[in-house]
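Protein sequences appear in the order of chains A and B. Counting from 1, one number per residue, gives the positions in the first sequence under UniProt numbering. Counting from 1, one number per residue, gives the positions in the second sequence under UniProt numbering. Here a beta-carbon is modelled for each residue, glycine too, at the ideal position from N, C-alpha and C. Okay, structure first, notes after.
Number of protein chains: 2
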Amino acid sequence: MSTHRLLARRAGIDTYQQPVVYLRSDGHVCRAEGFQSQAQIEVIAGGRHLLAILHHVDSDWLRQDEIALSEAGWTMLGAANGDEVEVRHPPVLDSLAHLRTKVHGGRLDHAALRALMEDVSHGRVSDIHLAAFVTVCAGGGLDFDEMVALTRAMVDVGERIDWGVSPVMDKHCIGGLPGNRTSLLVVPIVAACGVLMPKTSSRAITSAAGTADAMETLAPVDLDLVAMRRVVEREGGCIAWGGATRISPADDMLIRVERPLNLDSEGLLVASILSKKIAVGSQRVLIDLPVGPVAKVRSTAAAELLSRSLMAVGAALGLQVRTQLTDGTQPVGRGIGPALEAMDVMAVLERGSDAPSDLRERAVLLAGEILEMAGRSEPGAGQALARAVLLDGRALAKFIAICEAQGGLRVPPRAAHAHEVPAPAAGVVSAIDTRLLARAAKLAGAPRDAAAGATMHVRLHESVDLGQPLFTLHAESLGALQYALSFVRSQLPVVHIDAQP
Amino acid sequence: MSTHRLLARRAGIDTYQQPVVYLRSDGHVCRAEGFQSQAQIEVIAGGRHLLAILHHVDSDWLRQDEIALSEAGWTMLGAANGDEVEVRHPPVLDSLAHLRTKVHGGRLDHAALRALMEDVSHGRVSDIHLAAFVTVCAGGGLDFDEMVALTRAMVDVGERIDWGVSPVMDKHCIGGLPGNRTSLLVVPIVAACGVLMPKTSSRAITSAAGTADAMETLAPVDLDLVAMRRVVEREGGCIAWGGATRISPADDMLIRVERPLNLDSEGLLVASILSKKIAVGSQRVLIDLPVGPVAKVRSTAAAELLSRSLMAVGAALGLQVRTQLTDGTQPVGRGIGPALEAMDVMAVLERGSDAPSDLRERAVLLAGEILEMAGRSEPGAGQALARAVLLDGRALAKFIAICEAQGGLRVPPRAAHAHEVPAPAAGVVSAIDTRLLARAAKLAGAPRDAAAGATMHVRLHESVDLGQPLFTLHAESLGALQYALSFVRSQLPVVHIDAQP
């Protein structure tokens, strides 16, 4: 296969996570290789390989001997202006045959899923093929054996950590409940009790904020393995973004497509959660499953089915999993969005009088359970220990220490624009549509705009007056604020109010 | 919803069929609206609406008051340099809820599919959502009622033609068999017999050439409805690209994603074929179903199932459908690729001694059946009439007249580079993998490079000597030629040769 040398150049074009390269359509390389627009091409520089989408340029800003890279491509390739890079046709992807097999109703074994995840993790699979894979895995698209095989495949194609000690604790929330930011409380409580808890989190998939998004407004989360190990050795815990490591890297590529598709899949959910936990060296994991009418899990029965899959797949791979069903009928705390949720966390840690008690109680419940799983507390005594550590300030001290170890404590940003949404009638709050709320927060800019989102002013069963503020939308631009507001106004009420009898 | 005015500018960047617009990330519009990279935005100029993907620019080639458009966007919007255009957030797509319903196992009715196709046809649905829809429709993903509803929905969202006469005949081949370019022969035969046959065709989906691709090497095929009507009124037939009209426009958007995904779907196939036929005003259609081990339909049983769906969905929508099962075990004629297949067609029409007889016989079979369906021949007499019209030159004269009416007869291009693939051993040709052949032709550049592809030198059951040429690959660039060759060499033999006993 022939290769061609070109001079690298930063295009100054941001294509988000999809790397794009630009070549002159009338240049030697495109003519010789038959490179067509929107084709995938392989770019090589300094031993690094990048698969990128090609866009043809027919304009003087690019020379025929140059290749321009979008921001994502530039970062991934790590080139400097004027570096020599090679380009060539990418190898034909045999793993896509497995994808077709699955789409047409076949089942995939570990070898097939590993081949597919290997290609996915190296960015060789295009977005539309990723979308097809996510779609075919949606709902119950993967059976038990496939879930085990996919989880193992995702672990296999990335790095693994061995902490050399036992137990290594972890927690996870399956999400779908705005404001449920307990990890930022549980990690410092557990670590303050001398139990190891190296937590990696993902960014938001279908929600307005992931744990990593919220934590990032308080401290850097882009830790590589070396940095993570240093933080954990010093403080006994961390809250890092898993995607900055090569831990289950295929998962992050899938998330890029899952986010706009807004589809949930039991198999992808189980594999995503457990592959990260196994790769990061966790041994015992507590998983929080909020149950509510519009949460990710809608009924206790569904939560119990998912629990069984998580525990069984975990057991098949040597990971002890426990689950905790929690209330998912309304947002937790007040904030929805990275910075707004971080502010709630700080209020709980600082034991302010206005700290959201529901967030605190959930953190105490989960931390107590983890302390018991770890053998640090007798059965039944975990919550009391967790509460004591939170109330005497040790959790706050530990959290600050972790933030400093991760690169320094930050103050969360505040949005430039806010708008209160008033009650259209007096009555009692009978339901809160957390899904619509999350969508409004996303339309307002969350999670990419860290300060954007919503703050709740009412909770279920509270009485409200006509015109009383129900929630406030926050956005960095007036356009995004109006966009979110027009969505809220076009929907059924986000907050349902029953007239009082 | 607020809008902003910017000055249009042609970016000189070719992003193939996906429109992309470029805005300065530090400009007023992006800051005010919170437009993020890879977001969809709506662009409005002169009453036309375009949905495009946004790429941020942070470079001096673009001013803050400008919006640059990729070639696809530029053509779709029809703007001129310096025109004032408006940009805004696109409306939230309610139809995507239907997509999620379907992914999660629900069924879609006509209203849901119509809403989805309406958004698809206007380019409002992103490629990854299109990929999810194609995936969920793959295989037998749509039931009978959904096939009828989807077909009707695809017709509804486009234009329809009424020819004001009866019968209006049509034919279609489901494809999957390289070189099966019978439409270019059947249309002139049938039209020469005085029967109306206004044929629209698609470009290649998963094959190396579609009928429209092959025809385009002989005459223009981008006819709008007015031009098509003029050609048909003058000559009684045409061979046009359906995508240049607004006939079943959603289908063309789906094909954009189906092509790289390389997935087949019974429901999408039925809806794609029949919606085009109904919208174009056809009343009786003959559908060619080639059956072979690696053809689109693998067995007679599968072909009969598909036949039943095509006839039943057609009947539910007032279209008479007949099907014809044909041999799909080896390529038809010699050429594979737009220009190479067109040359075979011309050889048959010109009655040269080297004309491929298999292509001729298939065309006679299908044309004869259509002449009988139209009542132009008695049952059993159609083939004799078709053969007479072909052999006495009336079909050639009619084909030339149709090409002239469509804009002028052309000479198909020849590729710059060719390479013969020799037999690795002596023996008898026992199988030809038409799927690998088509893939090699595509890697060589077909159908985008019209001259690229392959020519076959052997047929099933023929004896070959060691080193005798089996087929020749043709490409416009040495790179593409090497790419196709390295694929051929890495695969199981494309042409299987059994040692002679």
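Item: Where residue 87 of chain B sits in the DSSP three-state scheme; Value: strand
Item: Under 9 Å from the C-beta of residue 123 of chain B: neighbouring residues of chain A; Value: Here the premise fails: no neighbours, minimum Cβ distance about 16 Å.
Item: Burial state of residue 111 of chain B, where buried means 16 or more other Cβ atoms lie within 10 Å; Value: exposed
Item: Closer than 8 Å to chain B by CB, residue 506 of chain A; Value: The shown model of chain A, from 1 to 501, leaves out residue 506 of chain A, and the question about it has no answer.
Item: Distance between residue 28 of chain A and residue 275 of chain B (C-alpha atoms, nearest Å); Value: 43 Å
Item: Residues of the stretch 91-119 of chain B whose Cβ lies closer than 8 Å to any Cβ of chain A, in chain order; Value: 92, 96, 100, 103, 104 and 105
Item: Any C-beta of chain A under 8 Å from that of residue 131 of chain B; Value: yes
Item: Exposure label - residue 249 of chain B; buried when at least 16 CB within 10 Å; Value: buried
Item: Residues bridged to residue 42 of chain B [DSSP beta-bridge criterion]; Value: B:51 and B:88
Item: Alpha carbon of residue 215 of chain B to alpha carbon of residue 338 of chain B, nearest angstrom; Value: 8 Å
Item: Option in B:71, B:142 and B:79 with minimal Cα separation from residue 101 of chain B; Value: B:142
Item: Close Cβ partners of residue 325 of chain B (< 6 Å) along its chain, the five nearest in sequence each way excluded; Value: 289, 291 and 303
Item: Backbone secondary structure at residue 1 of chain B - three-state DSSP; Value: For residue 1 of chain B, the predicted structure reports a pLDDT of 46, less than 50, and the residue's modelled location is therefore unreliable. A value from the coordinates is still provided. If DSSP states are grouped into helix, strand and coil, residue 1 of chain B belongs with coil.
Item: From A:117, A:272, A:140 and A:257, residue whose alpha carbon lies closest to that of residue 156 of chain A; Value: A:117
Item: Reference residue 375 of chain A; option with closest CA among A:220, A:195, A:430 and A:15; Value: A:195
Item: Cβ of residue 33 of chain B within 8 Å of any chain A Cβ; Value: yes
Item: Spatially closest choice to residue 503 of chain A from A:260, A:232 and A:136, by CA coordinates; Value: Coverage of chain A is limited to positions 1 through 501, which leaves residue 503 of chain A absent and any answer about it impossible.
Item: Chain B contacts from the stretch 9-30 of chain A (Cβ-Cβ distance under 9 Å); Value: 10, 11, 12, 13, 14, 15, 16, 17, 18, 20, 22, 25, 29 and 30
Item: Coil, strand or helix - residue 23 of chain A by DSSP; Value: strand
Item: 8 Å Cβ cutoff, residue 477 of chain B in contact with chain A; Value: yes
Item: Contact with chain A by residue 471 of chain B, beta-carbon distance below 8 Å; Value: no
Item: For residue 9 of chain A and residue 430 of chain A, the rounded distance between their alpha carbons; Value: 57 Å
Item: CB-CB length for residue 69 of chain B against residue 11 of chain B, believed under 8 Å; Value: 6 Å
Item: Contact check, residue 336 of chain B vs residue 493 of chain B, beta carbons under 8 Å; Value: no
Item: Interface residues of the stretch 55-78 of chain B facing chain A [CB-CB below 7 Å]; Value: 55, 56, 57, 58, 59 and 61
Item: Contact residues within the stretch 248-262 of chain A, judged by C-beta distance below 8 Å to chain B; Value: 257, 260, 261 and 262
Item: Beta-carbon contacts of residue 486 of chain B that lie in its chain and below 6 Å, excluding the five residues immediately before and after; Value: none
Item: Residue 83 of chain B versus B:113, B:103, B:43 and B:152, residue with shortest Cα-Cα distance; Value: B:43
Item: Residue span of the beta strand (DSSP E) that contains residue 506 of chain A, given as start and end; Value: There is no way to answer for residue 506 of chain A, as the model of chain A reaches only from 1 to 501.
Item: Residue 272 of chain B, enclosing beta strand (DSSP E) - first and last residue; Value: No beta strand (DSSP E) holds residue 272 of chain B; the alpha helix (DSSP H) holding it covers 266-279.
Item: Rounded distance between the beta-carbons of residue 125 of chain A and residue 366 of chain A, thought under 8 Å; Value: That pair is no contact at about 36 Å.
Item: Residue 461 of chain A - DSSP class collapsed to helix/strand/coil; Value: coil
Item: Cutoff 8 Å: residue 37 of chain B Cβ touching any chain A Cβ; Value: yes
Item: Cβ-Cβ separation, residue 65 of chain B to residue 23 of chain B (assumed contact under 8 Å), whole Å; Value: Contact flag wrong, Cβ pair sits at about 10 Å.
Item: Counted within 10 angstroms of its Cβ, other Cβ atoms place residue 500 of chain A as buried (16 or more) or exposed; Value: exposed
Item: Residues, ordered as in the chain, of the stretch 428-461 of chain B that lie near chain A by beta-carbon distance below 9 Å; Value: 439, 443, 444, 445, 448, 449 and 452
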